[in-house]
Structure formats: C-alpha cells, structure tokens
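As given, the protein sequences belong to chains X and L, one line each in that order. Using the working numbering, you'd call the opening residue of the first sequence number 1 and step up by one each time. Using the working numbering, you'd call the opening residue of the second sequence number 1001 and step up by one each time. Encoded as structure tokens, the structure appears first; notes follow it.
Number of protein chains: 2
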Amino acid sequence: MAGASNPLHSWFLGPKGENEQLLRDLFDAALDSHLDWRRSYHPEDPSPIPPGRRRTADAVRQRSQLKTDFAGLLQALRGSVPFFHGRYNAHMLSEQTIASLSAYFAAMLYNPNNVSSEVAPVTTRLEVEVVEQLAEMIGYDPDRSWGHLSSGGTIANFEALWIARNILYHPVAARLASRKLDIDISVSLPDDTRACLGDLELWQLLNIRPSASLDLWEKLWLAAPGPVIENTLRAHSLATLGYQDYSRQLAAEFDDALPPAVVLAPGTSHYSWPKIVAALGVGANQLRFVPVNAHCRMDPDELWREVKTLAEQRVPIMACVSACGTTEEGAIDDLNAIVEVRARAEWELGVTFHIHSDACYGGYAASLTRAPTGRRHTAEEVRAACGSARWPTDQWLASISALENADSVSIDPHKLGYVPYPAGAFLIKDKRGRELVATDPPYLAMASSGDGDQPVIGRFIFEGSKPGASAAAVWLSHKTIPLNSDGHGRIIASTLKAARYLHAFLGASDFRPFRVLCLPEPDLNIVCFMLHHPSLTDLESLNALNETIYRELSPNEGMSAPYMITRTTLTSPAYDGAIGPLLEMLGAGGRSYLTQISRGLTVLRATVMNPFTVEGHPDHLLGLTDALREVAMSFLRSSSQAALSSQPAALS
Amino acid sequence: MAGASNPLHSWFLGPKGENEQLLRDLFDAALDSHLDWRRSYHPEDPSPIPPGRRRTADAVRQRSQLKTDFAGLLQALRGSVPFFHGRYNAHMLSEQTIASLSAYFAAMLYNPNNVSSEVAPVTTRLEVEVVEQLAEMIGYDPDRSWGHLSSGGTIANFEALWIARNILYHPVAARLASRKLDIDISVSLPDDTRACLGDLELWQLLNIRPSASLDLWEKLWLAAPGPVIENTLRAHSLATLGYQDYSRQLAAEFDDALPPAVVLAPGTSHYSWPKIVAALGVGANQLRFVPVNAHCRMDPDELWREVKTLAEQRVPIMACVSACGTTEEGAIDDLNAIVEVRARAEWELGVTFHIHSDACYGGYAASLTRAPTGRRHTAEEVRAACGSARWPTDQWLASISALENADSVSIDPHKLGYVPYPAGAFLIKDKRGRELVATDPPYLAMASSGDGDQPVIGRFIFEGSKPGASAAAVWLSHKTIPLNSDGHGRIIASTLKAARYLHAFLGASDFRPFRVLCLPEPDLNIVCFMLHHPSLTDLESLNALNETIYRELSPNEGMSAPYMITRTTLTSPAYDGAIGPLLEMLGAGGRSYLTQISRGLTVLRATVMNPFTVEGHPDHLLGLTDALREVAMSFLRSSSQAALSSQPAALS
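Rendered as structure tokens:
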C-alpha cells in the first residue's frame, strides 16, 4: 500500500505539517464562505457596530488584550500531548483527518444544534447520512435500522441498555395492556412457536426476542390505535412506574416475580458498563462478567455455561454485551459464536436476550470487509487488500461480519474514525425500538418523526443539544475516506499491520537480561506485553518494573520521553483466562506469581493508531523497543533490591 | 451601556463580520503555533510523506477532490439558520464569542480528551478553572464544591439526580454497614437533633440532609478505613444491588418499605426530566409537577402543600428541581422561597430533600450580581448597572442569590455563555457527593483525586471521552468576558432589557383588529405572547392563528421569513396557573377557551439573545412587531372560516 499513490499521504496534516497548505486553504475557504453568507443576509440592515466605534482606543485595547490572552493559551497548548506523532503509541488518540478538522471548523461557525432540524436543517441531514453509512458498513438494513451520533461511547452504550431494558419488559406491559383492553394477541416464542400473550408466565414474557417484542408493540398499535393503547402501555411500563412500583406489579401479578435481570459482558469490558448499570438502577451486582480466553475474548463456552446456569436459576438476561475492540487490548469477541450461543439458548432453553456490540473502538474495522461497491469482500479479497496470505483470519472476519446480527452497536467516529471529539454513534437494528424511549420535546416541530427531509433526532435520544459540527466532520471525513477497503480499510489495514509488526518484533527481539511476554497477536492495533526479569520473584516487584517503564515512557508536559506508551492492569478473576497463559510462559516461576494475582498484573500497552506507521516506516516501533530496553536496564541499575545485587550472574 | 467604549462591539464577529480581521488573526495565530509545535517536536525525525509523493498526480487529484467536496459542504451550510442576526429571535441560539470560537479552534488542533489529564494536561486544568469560576459566580465555596463540563444540560441534570439518589439512600447503606461492622455512629436529623443511626426507622433514614448523609459517609471511613467499609457500604447500596434487590432489602429490613421516592419539579421544567427519571429507573410517575403561578414560576405555597401531603403519605422526596430560566419562558423560580419551604419542612415535618437548580439557561444571569472584585453587588448597584430604578426586582435578586443554597446546579455555557456546542456544566455544593458515584474505590485513587496539578475528572463523571477544546473555549471566553457585571453581566443586562422592551412594545402596540396577550414581564430574555381575534371563538382556531404566525415567521432554508420566532404549547394542568391569568384578560370569552384547554394553548415565543439588540438598536424588535401584524392579517384574509366572513365588522 506504500508507494506514490498512497492516499494516506493526503488525508492527514502530517507530523511536520506536510499538508499545511491544504488545511489552510480549507480553513480560509470556510471563513470566507461564512462571512459572505453573513453579509449577504439582509445586506440592507445597518451594522450595530458603526465603523467609528471599532477604532476607538477602548476597542483597540480590548482586541489587543484578547490577542495577548490568546497567545497565552496558545503557549499553554504547546504543553499538549503529541498524539499526531509516530512516537506516541499510548492511548487511543492520533491524528484527525484534514476533512474532519476543516468540516468541524466550517460548521462550528454556524453552530447548528443537531437536536432538531429546526435549528440544524443542514447538519441533521448529514447526521442521518453518516449513520446510514455506518449501518451499511456493519450490514444493517438502512431502511429498518436507525441511529444517531452521541457525545461518545458511554452515552451510546447507555442508550443501548436503556432501550434493551424497555424492549425486555415491553411484553409484560403489553400483556397487562392487552388484557385491560380485551385484545387477543399472539406472540412468537424463541423456539419459533406462537402463543397467546395472555397464557404466558413471567419467565416466558421476559424471554421474547427483541424483534418479537417490537412486533407485539406494532400489533397492539394496529389493534387499538391512538392514545388509548399509548396510555395503557405507558401505565404498565417500567419507564412510567419506576423499578419500585414495577417490582410490586410483578409480585402482585405473577406468582414468581423472578430475580432481577442480568447483563452479561466480557471481563474485558469498558469501565463505562459498571457506571451504566448502576445509573440505570439495574445494579452492579447484575453485571456478570463472562471469563475471557487467552486472546482476551469472551469465551463462548463460558457464556453458554453462564446462560444455562441462569436459566436453571430462572434469572432473565437483559442483554449480552460483546466487545468489538476492547479498550485495553483491542480484543474482538467471537461475535458469531455468541450469536450461536443465543440461537442454541433459544432452542434448547427457551431463553433469549438482546445482543449489544460495544464496537466503540473496533467498529471501523468493518470497512475492511467492504468493496467500494458496498458488497462484502470475500476473505481472500480482504487478505489480498491487507497484503497477507493469513490475515485477517476467518474467525476475525466472522466476528466482524456478525455485527449485522447484533441488536445494537456503538461505534465511536472519534476513535478509529480519526475525527475530533465529540463523535460517538449508536445504531439499533430494528428502529421500532426507539419508540419505546421516545419523548416529545414540546417546543420542537413534531410534524414528522420520519427520516426524510426533516429528520427528528431529539425525540429518540437521551441527550439534548449537540453539535451539528460533529456530524459535518464525520460526513466530510467519510466522503473523503469512505467506509470500504479503499478508504478507512486502508488505515485499519495499515495500523493493524504495524501492530502485528510490533508484536512480532517484541517477541523476536533480544531483551536479555529481560524477557518480553506478549499477549497473543492482537485483533486490532493494540499490543499488550510485559517485561520480566528473573530476579523479580514477587508480583509486586514485577509490576514495579513495568510501572516504572510506563512512567519513564509517559507523556509529560516537557515531552522528554523519547517514545510514549501506557499500561493497564489485568485484574483477577476477570482476566484469569489471559493471565494464565501469559505467566505460563515463565514455567514454575510464572505460576508462583499467580498466588499473588489478586492485586492484578501490570502490562504495558501500545496503541498503534498512527496512520503513518506503515510498512516501510517502522522506525518508531524499532525506536520504541530500544527505549524499552534502556529504561528497563536503568530500572535494574537504580534498583537497590538485595535480590538483584545477589544475582549478578543473571544480569550478564 | 451603549457608547464608544461598549465592549460588546469587540466580543462577537458581528452580523456583517465587522470583527473579521480579529477572528482571522486569531485563527492564523492558532494554526501557525500548532504547526510550529509539530515541527519543533523531534525535528530530526524524517517525514513519512516524502516531498516527491506530495506532488504526484494522484495526490494532486485527491486534494482537489477534497476541495470540491468541501466547497459542496460550504454551499450546503449556507442553508443554515442565521442565529447570528437580530432578525432571529426563535430558539436559544445566537452568536458565539470570538474568544470561544478561536480557542475551540486552537485546542481542537491538539484534540485533547478531558476524561483525564494524561491525555489533556492543559485543558483539564482549564476545565477546573472554569468550573471554579462558575461556582464562585453562584456563590459556592470553590474549596468545598466541585463540578465539571458535560456535553450539555441533559447529562448535567442526569448527574444531579444520579448523585442525589445516591446521597438519599446512603444512610440506609450506612446503617446496615455500621451494624455489620459493629460501629456506633450518630447522625444529624433535619431538626438539628442527633440520633443514633441504628435507632432510626426507614422514614427518618430517607430524611437526612444531604450534608449530614455525606458526614455519615466520612465518619464511617474514619471509623473503619480501607476496603472493609468500602465493600460493606457497596454491598448495601442501591448502585450495587439495583432497584429490584434493593427494594427487597428494604422490605426485609424495615416493616414499612415506603412508597418510591418522588422528584418534584415545576410544571415548566425541561423535557429532559421525564427522560431522566425514566432512565434512572425512578419512573415517570414519580416526577411530580408542582403548579406554577402567572409568572410560570413554581408556586412555593403549592410546593409546601405538596411536601406536606407527601409527608402525610410517608412518601420520601429524592429531590426538588427548581428552574432558573425555564426553556420555554425563561422563568426563574423563587428559589429563596423554595429553600425556605425546605427549612420549614425540616423543622415542622422532619422532612428534607436535595434541591437542584436547573440553571442550564439562566445560570449566567448570576454574573450580574458580581462586582469585578467578586463580591456581591448590592441591589442598588445591580439596578444601576442595568440603568433601571426598578429592575431587577428584589425577588429576582433573591432567587439568583439563592443558587448558593442549592445542593447542585446545572449551567450551560453553550446557552447564555455564548460559546459553541458542546458545553454544559454540572456543579455540586458538597464535593464529597461525587465519591458516591466514583468508579474506583477511593483508597486506590485518593492520592491522585486532588484538584491540583493533575485533576482527575473521569472518575467522577458519567461520560468518558470529551473535548478539551470545549474547556479551552469556555476558559478564554470567561477570560475576555468575565463572570461579573463588567463581563457577562453586560450581555445579560442588555438582552434582558431588549426583551422587556419587546414585551412593553407588544403590550402597547396597536394590533387592531387583533389583540396581543403577553405572559407577565419576563424574568430573562424570552417573551411569550399570543395574538387573539374575537372571531376565533374556539381554542382550535385560536391556536391555528398562532401556529400560522409561527410557521410564517420560522426559519427555513430559503430564509425568506423577514423575522424569526418560535412557539410553545402551554399544557394543562402543568401551566394552569399561567394560562388562567392570560385568558382572563379576555374576560368571559377567554374563560370559554378554558373548557377546551386539555389540547394546550399555543403561544408565540421570542428568545431575545442577540447581543446587539441593545438600547439604541431596537429596529429588529420593531420590525418583528410589524411582521407579526402582517402575517396575522394575511391569516385573516386567507381564512375561509365562515365565522370570519360573517363578522366583517370585527375586521375594520
């Protein structure tokens, strides 16, 4: 992919501002156009700032003061972290595309508010477009799905569980409402048989497929249109009653009120999930972590065991959260296998649940599977585009392709979409789900809830005001860098290749007297590894070594570190499936650490997101390994541990 | 305030780009500084984009395509709504300050993520500074309070209720934990007596002042520091158990589990509140609307009656939400009176609750009460600064000053702070409250939870990644336009004066054959009014007249409307206290509408936010009234209603 025609060379400003002129031209054009727009709006109106007043001594002094303060801010900003540079491989931050920066700037001058087309006629349409692009990329039907941009992944994940909860409990409200309105209605069960809604027990009502729950909603509306059904459904819904009265309703209505519904998630899941379940009132106890395997992916066998146990205990499952690109390791769960577990649960156990893919980090990887025509590439085509005979693996492709089977997906353009903050996205496969959380902001035009010329966004989202500039940024960025193997697929392929290169290089390098232990080859572009020295016989010293390396190779305001990475802690028991094989490489010595594992294992973490760390320019990855060796040696030298000085032989 | 030295003239770009050169200079300086920063970082590193490759035919074509696509975007953006202009007085959108635009731009180039100082060492400090400025403006002690910026008001309000719920239920967890750990501990009751925690019944545990609940938290930590108390408290908390098991715990532990706690809010409150109570699991039924008076302010007497009734029914109160600047009318609740109701409830009923002020819109009005030294102005000084002998009223000042007594406050810089989206802010008076929603156990992060050089923001907020550029924008804007009567106070005073001018002018103008009915003089800069014609004898026709005026005076992409306003619906019963006096002006005819009021009353709404609509430049307000008359006449003419044609006399 390197070579004279590499479009990566035009997509970003570049570490030395190589594309300065392009960015400058775009900024100038945006300001010119905006000023012309202002001046052409009722040019006959007089200015409220007469020219004479602009030149008074006070006005000159005020402008001069602002320039001075601004210069101070600019000076301070130079203490920022150089995400743009190949030396930075720490957190998930990098360059932004020129397209997104210039479009954000252009739209910000207009300050549209994408809560409603009434205050953002242009950028709400752009938001609808980009969300449809994301939906098509992952394989959702744009006509049946829906989505919107959010301030970030936490809110998108929150909305996923908020909607999932409403869908889960909807059949209960539907049953009570249909009884009250004397409507006979049937519903599809997980084994594809049909039953009369009124005949079901609570356990069955809480095990209706999301699409069947929404069919129920639609049928009730057709059977009794208008405010009657609306009000009756509302009167029995969790959203209206709140958990406390809802629990009482369940207890009064059903002999067995059942334990609270749980949320399943891999042990690797993002820290937003405990916040989300606590805030929603689901409760942190109901967030059940499914063990992960050596690849830090949710183990589908463990998931099956958990689902089976929950079924035996009659514990409903609100949702299973699967990760597509964990924050710490970039791990991609075997989503196809998770979908299969659900299918099996439906047939064998009569159990079903909402599947949400937290693809905040990894979602853009799906672009690699799309040809410019929009069709899915074959596995061979993807591998050819990646210039590899063996990567991506069939499992990787199956996981990514299975996103189309998730009931909802969150994807952050402000991560692997390389656009400025804030830009998260929430997608739901069956757009009827949004109706279960809709509100009517009274002062906004309610003429249509359609997705046509006047898209209504605010009715269905949790947030209110939000920057239309963000939609413009994502839109122009996708226009320039489409969601296929010629566009974002190139960036993904390039950074994933760089990460695998780093992984291989770390594994093959001579770090003596240290040894480098790596997690398995990464699913995305995050490489996790640790350094080990035989003198560090307790886990605390081992962690101290890696914490020291992290501190020495951290950004700080002086930016004196030659390279920047970060670290994470693999906690026990969430990560036991990954910690075991990692320490196993050390033999008996490794197993001894396991006895102290409750404090967690520090591993170093390199996020290789820089778009320029491509084949032919691996200098910074080589430099990073040199720097690692150097700070590790310096740790040894400065260490006053008796264990070290008593084992000089080990240092040779 | 007009005159040669009016700083307003330098703070904004201006409707004709009068300050173009200043904005352009700042943008250029930002880009220059950023590029210099990039180039001075490891200048010895080679460029990954060799100069030859930048000039290939492909690279030229790619840049040219981006410029073409960008030009298309710029053209589309010209269909945006001209918020910047004095002809736009619809939604709460206007100019942004030059300071905020330029600082947002400057910081966006660095793309800092204010979730953590590790990825935003500069802008997290700026965020801490601006939140302290907001805290000082409303009268919070910056050392005891805390806050942060959010994506907007909905999230800030959500966090307020999320924290309030944790504080409300904390004494229950504390009682169970202290019993388990065999710790004797006393607690302050609302009547200022003290009692042993173990002796309290549930009703008393749910009526502990927020500060006393947090004292309890702190005392338990001192009595049993470390993970033991943390884990024990967690094990009994709502956040951990979730509502369903928590309810079971209450039922098992206390004879009387009590009804669910309610949230009180004025009938005028923002539409985010029903979403928030539904999402949190509190339930929409538990959101109780307190009737409003003719000024659209929560009626303190009604609040007292509601609190008394709830006490008789043993219904706990999670929070009382008070509005400082309602979204629809800009009404400012008599917060001082609401605080007095709580004090009376504490003494007479043993009942207390968290008070949250939703000052998303009106919070910046507090700047008017501050002298440049930071001290509170006297009422006379404020009135002098406003050039009025009678405004603001003592009640207005008492309401604003009472913000310092609210337990939490939300203020949106992206509304009356005149900065670009996204910028909301959440403030809590007693910063210990944040620990109850923190993601990590405090003993892990205590060392670094300080607000000093390395502010930790992510631990205590609901969102994750968020733009540091937003903090930079608010910071430079406050630097240029400080939160006192010389800064934001000037803008507030000026737009409020303009709104009162419009209100007076509407009331005094000759609209015959129509009559204009106005809500009382506005508390902020939103004017609500309606046109009436005697031929419109049913409410539907009356609403149709005002809906038509709204449609004719709405922005559309052609921007053909000469002036832009919007409308809102006063719903019944929420707004009965305001609807009654409004229709009462019409005598018996007005009372007849009341029989059909369940469909709501449409009123027109003008948000007079434009900073240039100052004394001496009221042309657009005069123009607006002319346009109103014209579209109303055209409605009459084109109307085919028999009622109209049969009453030609009324049209003369």
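Cβ atoms here follow ideal geometry from the backbone N, Cα and C, with glycine treated the same way. All of these numbers come straight from a predicted model, not from anything done at the bench.
Expressed to the nearest angstrom, what Euclidean distance is found between the alpha-carbon atoms of residue i and residue j?
i       : j       : result
S1010/L : A164/X  : 50 Å
D358/X  : A57/X   : 57 Å
P1015/L : R39/X   : 7 Å
G580/X  : A588/X  : 12 Å
P1300/L : G1600/L : 24 Å
C1324/L : S188/X  : 49 Å
G242/X  : E1329/L : 29 Å
L651/X  : P513/X  : In this prediction, L651/X scores a pLDDT of 39, lower than 50, which makes its location untrustworthy; the coordinate-derived value is nonetheless stated afterwards. The straight-line gap from Cα to Cα measures roughly 6 Å.
K1043/L : A499/X  : It should be pointed out that residue 1043/L corresponds to Pro in this sequence rather than to Lys. Roughly 25 Å separates the two Cα atoms.
V474/X  : L23/X   : 16 Å
S634/X  : D1430/L : 45 Å
A76/X   : L168/X  : 50 Å
S1494/L : C1386/L : 8 Å
S477/X  : A1174/L : 52 Å
E201/X  : F254/X  : 7 Å
H354/X  : M137/X  : 21 Å
P1372/L : G1487/L : 9 Å
G1072/L : F1529/L : 40 Å
T1537/L : A1402/L : 44 Å
Going by the CB atoms, is the gap between residue j and residue i shorter than 7 Å?
i       : j       : result
A319/X  : V263/X  : yes
P171/X  : T352/X  : no
L1287/L : Y1364/L : no
T1240/L : N157/X  : no
A1018/L : S47/X   : Note on residue identity: the sequence assigns Glu, not Ala, to residue 1018/L. In this structure, S47/X lies closer than 7 Å to E1018/L by Cβ.
S151/X  : P422/X  : yes
I338/X  : S322/X  : yes
E1129/L : F1426/L : no
E1132/L : F1012/L : no
W90/X   : T566/X  : Residue 90/X is actually Ala in this sequence, not Trp. Contact flag set, yes.
I1457/L : H1148/L : yes
S1247/L : S247/X  : yes
Using 6 Å as the cut-off, classify the Cβ of residue i as near or not near the heavy atoms of the ligand GDP, replying yes or no.
i       : result
S1509/L : Of ligands this structure carries none, so the ligand GDP is not represented either.
Assuming residue i and residue j make a contact with CB atoms under 8 Å, what is their CB distance in whole Å?
i       : j       : result
H1295/L : D1523/L : 7 Å
E127/X  : N114/X  : 6 Å
V527/X  : A606/X  : 5 Å
Y550/X  : A627/X  : Contact doesn't hold; Cβ gap of about 12 Å is too wide.
V1315/L : P1259/L : 5 Å
S1102/L : L1197/L : Their Cβ separation, rounded to whole angstroms, is 54 Å, which puts S1102/L and L1197/L out of contact at 8 Å.
A379/X  : L397/X  : 5 Å
Name the chain X residues that come within less than 7 Å of residue i, Cβ to Cβ?
i       : result
H1009/L : I49, R53, R54 and A59
In chain X, which residues lie with their C-beta within 9 Å of the C-beta of residue i?
i       : result
D1245/L : P259, P260, G283, N285 and Q286
T1240/L : A278, G283, A284 and N285
At a CB-CB cut-off below 8 Å, which residues of chain L make contact with residue i?
i      : result
W162/X : A1279
Y104/X : M1108
Can you pull the chain L neighbours of residue i, defined as C-beta to C-beta under 9 Å?
i     : result
M96/X : Reading off the sequence shown, one finds Gln at residue 96/X, where the question assumed Met. In chain order: M1108, L1109 and N1111.
P15/X : R1038, R1039, Y1041, H1042, D1045, S1047, P1048 and I1049
H91/X : N1113, S1116, E1118 and V1119
So which residues on chain L does residue i lean against when the C-beta distance must stay under 7 Å?
i      : result
A84/X  : The identity of residue 84/X in the sequence shown is Phe, whereas the question assumes Ala. Chain L residues near F84/X: R1038.
P300/X : Near P300/X there are no residues of chain L at all, since even the closest Cβ is about 26 Å away, more than 7 Å.
Pick out the complete alpha helix (DSSP H) segments inside the region 132-219 of chain X, 4 residues or longer, and give them in chain order.
-> DSSP runs (the alpha helix (DSSP H)) wholly in the region 132-219 of chain X: 153-180 and 202-205.
Completely contained alpha helix (DSSP H) runs for the region 1569-1601 of chain L, where each covers 4 or more residues = Qualifying alpha helix (DSSP H) stretches, in chain order: 1576-1584 and 1588-1594.
Identify every run of the beta strand (DSSP E) within the region 1239-1303 of chain L, keeping only runs that are complete inside it and at least 3 residues long; order them along the chain.
-> Listed in chain order, they are 1262-1266 and 1287-1290.
Complete runs of the alpha helix (DSSP H) confined to the region 19-58 of chain X [at least 4 residues] | Complete alpha helix (DSSP H) runs here, min 4: 20-40 and 51-54.
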